[in-house]
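Contents: one structure, followed by commentary.
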Amino acid sequence: MPLSIRQKDTSRIQFAYYAYIAGPMGDVFRYLLRNKAHSTHKGKKMGLAAIAAFWRPFSAKAVLGLSDPEVRAIALTSITELQQQIELIRSTFNIPAASRELTRRDIEQMIEESLNARRSINQEPTVQALPLPDNYNTHR
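Mapped onto our numbering, the consecutive letters of the sequence shown carry residue numbers 1 to 140.
Take a look at the structure:
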């Protein structure tokens, strides 16, 4: 069921988000809002365009109550916009389209190595996991 909204409602929504300047979101906002390559206004538009590209089909369904074919058309447009954003990242940072540089296993291994390094720095005792019996899942 769509959220109620008047057809001719011209009121505005103020969107404010306070991020720690030294955190990951602070870094993003500093890039968007304090970049000499573009104006603050353009940076705001860039950030909102990135958000809207993803969330527009969801809002079309929930807020506007559009039909499935209408939402599908909006979703396809969003996918095109998101693919353009991905292509910008790839071309800017020289990442080939077929690249899958980090697999899930690579990420898991990086996390494990990071945890092991942290344990050795903090001199936490490590516990070696015992292998599960072959029939472990049969009793669940």
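Idealized CB from N, CA, C, for every residue including glycine. Everything numeric in this text was worked out from a predicted model, so none of it was measured.
Between residue i and residue j, is the Cβ-Cβ spacing less than 7 Å?
i, j, result
"Arg56", "Ile79", "no"
"Thr40", "Leu33", "yes"
"Leu82", "Ala60", "no"
"Met25", "Ala16", "no"
List the whole-angstrom C-beta distance separating residue i from residue j, where the pair is believed to meet the contact cut-off of C-beta under 8 Å.
i, j, result
"Ala97", "Arg90", "6 Å"
I'd like the span of the alpha helix (DSSP H) that includes residue i, first residue to last.
i, result
"Val28", "24-33"
"Leu82", "68-92"
"Gly47", "40-62"
When you measure from the CB of residue i to every non-hydrogen atom of the ligand HEM, does any distance come out below 6 Å?
i, result
"Ile79", "You won't find the ligand HEM in this model; it holds no ligand whatsoever."
Thinking just about the alpha-carbon of each residue, which of the options is nearest to the one in residue i?
i, options, result
"Met46", "Arg72, Val28, Ser120", "Val28"
"Ala50", "Gln84, Val71, Thr92", "Gln84"
Taking CB distances under 7 Å as the criterion, tell me whether residue i reaches chain C.
i, result
"Glu87", "Any reference to chain C falls outside this structure, which holds one protein chain only."
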